[in-house]
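J.:
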Amino acid sequence: MLGKKGQPIAIGRLERFAADYELAKGDVRAPQKPKKSGKKVAIIGAGPAGLTVAGELSKKGHDVTVFEALHKAGGVLVYGIPEFRLPKAIVQREVDYVEKLGATIKVDTIIGQTTTVEELFKQGYDAIFIGTGAGLPYFLNIPGENLNGVYSANEFLTRSNLMKAYLFPEYDTPIRVGNKVAVIGGGNVAMDSARVAKRLGADTVYLVYRRSREEMPARAEEAHHAEEEGIDFRLLTNPIRIIGDENGWVKGMECIKMELGEPDASGRRRPVEIPGSNFVLDVDVVIVAIGQGPNPILTQSTPELKLRRSGNIEADPETGKTSMEGVFAGGDIVTGAATVILAMGAGRAAAKAIDEYLQTKQK
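Residues 195 to 557, numbered by our numbering, are exactly what the sequence shown covers, in order.
The structure is reproduced here in structure tokens:
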């Protein structure tokens, strides 16, 4: 009834309240550790999918080791989502809980470079889960993208979140913010990038998106928050060139106005250029937030893994089983960039399948 007459009940906020209340009032304890199964599982990637698998399999008594490429566990939860949307202390609490369940987390370990999947099997692991996410940024491939002052959203958010660029010089990881920033894209990551740039001191932040507000893939709530914070939406606008000064720094971005044509394969109306509508946006920093794909470091070192044309791992949607015996995968490395909750769901399903596989596997 509330959904029809007013605002629907926000179940996510109720769940958040329950978790925060337990932390403030309760005594969060890990369940009693089960009898050891004698099986070893390697998990590649300490993001939402990997941490979920680690927790579930630890509760089954398996010996779990999580390998994380960065210096902090949490994946996109720590490097991609800004502090004002997800406090890092909450993520750390969840990581600590997974360790309390019995999982070992090894950071600064890039599987595919320091060790391969085959070598993990030789080290005695009985099963492997790959949850390396979608960490490879896409670019527009327009002139000027190699100028100083052009960032991918991945780099911009990682340096702001995980590298604490906002605390320079306390942390020696500065990031150029500029006075006028253009963020290209219309998804949740673009909204996060724009709001972070504003918080880091930019006077004007433009959100440049080639379709209209109705086609924007970001959640309505995120777009509304960005507008509330003063982000200047430049809709039906497409960048065609980034302009640099004599020293190789961004000084502007040439754009062209768009209009909506017939729907394309995504169901959204295709943006069409309006001839002669070119103009230059005066900016000194450009952040490209048009999506990301699978990082190829691991998959290139594992030719036995069957991939889709996109470079994502081909895996059974119900179990996470891949083309390699004993190797499972889930989250963004399988689906492409999606939500945290979908990655966690895939992790839970894969954990169940891995447990069943280990029970039937002979040493």
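Glycine is no exception: its CB is placed at the ideal position from the N, C-alpha and C atoms.
On the three-pair Cβ rule with 8 Å, is the segment 377 to 387 touching the segment 404 to 420?
T.: The segment 377 to 387 is in contact with the segment 404 to 420.
J.: Is residue 269 closer than 8 Å to residue 240 when the C-beta atoms are compared?
T.: For residue 240 and residue 269, yes; Cβs fall inside 8 Å.
J.: Is residue 475 helix, strand or coil by DSSP?
T.: If DSSP states are grouped into helix, strand and coil, residue 475 belongs with the strands.
J.: Under the three-state reduction of DSSP, which class applies to residue 376: helix, strand or coil?
T.: Here residue 376 sits in strand by DSSP.
J.: Taking residue 429 as the reference, give the member of 439, 324, 453 with the closest Cα.
T.: When each option's Cα is compared against that of residue 429, the closest is 453.
J.: Measure the CB-CB distance between residue 517 and residue 310 and report whether it falls below 8 Å.
T.: Not closer than 8 Å, so no.
J.: Pull up the DSSP beta-bridge partners for residue 236, would you.
T.: DSSP lists 259, 322 as partners of residue 236.
J.: For residue 426, which three-state DSSP category applies?
T.: Strand, per DSSP.
J.: For residue 298, which residues does DSSP report across the bridge?
T.: Answer by DSSP bridge pairing, in chain order: 259.
J.: Hey, quick one: how far does the alpha helix (DSSP H) through residue 164 stretch, first residue to last?
T.: No information on residue 164 is available, as it lies outside the stretch 195 to 557 that the chain covers here.
J.: Which residue's Cα is closest to the Cα of residue 387: 481, 424, 455?
T.: Nearest option by C-alpha distance: 481.
J.: Taking the continuous beta strand (DSSP E) assigned at residue 345, which residues delimit it?
T.: Where residue 345 is concerned, the enclosing beta strand (DSSP E) stretches over 344 to 346.
J.: Express the C-alpha separation of residue 203 and residue 427 in angstroms, rounding to a whole number.
T.: When rounded, the distance between both Cα atoms is 29 Å.
J.: Residues in the same chain with beta-carbon distance under 6 Å from residue 234, minus the five sequence neighbours each way, listed in chain order, please.
T.: Correct list, in chain order: 257, 318, 319, 320.
J.: Going by C-alpha distance, which of 490, 506, 403 is nearest residue 532?
T.: Looking at the Cα atoms, 506 is the closest of the given residues.
J.: Residue 336 and residue 436 - do their beta-carbons sit closer together than 8 Å?
T.: For residue 436 and residue 336, yes; Cβs fall inside 8 Å.
J.: State buried or exposed for residue 365, treating a residue as buried only when at least 16 other CB atoms are found within 10 Å of its CB.
T.: Classification for residue 365: exposed.
J.: Sort out for me which residues DSSP pairs residue 330 with in a bridge.
T.: The partner list for residue 330 (beta bridge, DSSP) reads 487.
J.: Given a cut-off of 8 Å, decide if residue 547 and residue 500 are closer than it, judged by their beta-carbon atoms.
T.: Not a contact, by the Cβ cut-off of 8 Å.
J.: Would you list the residues sitting across from residue 438 in a DSSP beta bridge?
T.: 444, per the DSSP bridge assignment.
J.: Give the straight-line distance between the Cα atoms of residue 369 and residue 394, rounded to the nearest whole angstrom.
T.: In a straight line, the C-alpha of residue 369 is about 9 Å away from that of residue 394.
J.: When you compare the segment 461 to 478 with the segment 439 to 449, are there three or more beta-carbon pairs, one atom per stretch, that lie closer than 8 Å?
T.: Output reads yes: the segment 439 to 449 touches the segment 461 to 478.
J.: Below 8 Å on the Cβ atoms is my guess for residue 371 versus residue 479; work out the distance and round it to an integer in Å.
T.: The Cβ separation is near 6 Å, so the contact holds.
J.: Using DSSP with H/G/I as helix, E/B as strand and the rest coil, what is residue 403?
T.: In this structure, residue 403 counts as coil in the three-state DSSP scheme.
J.: Rounded to whole angstroms, what's the CA-CA distance from residue 470 to residue 342? Just pull it up for me.
T.: If you take the alpha carbons of residue 470 and residue 342, they lie about 28 Å apart.
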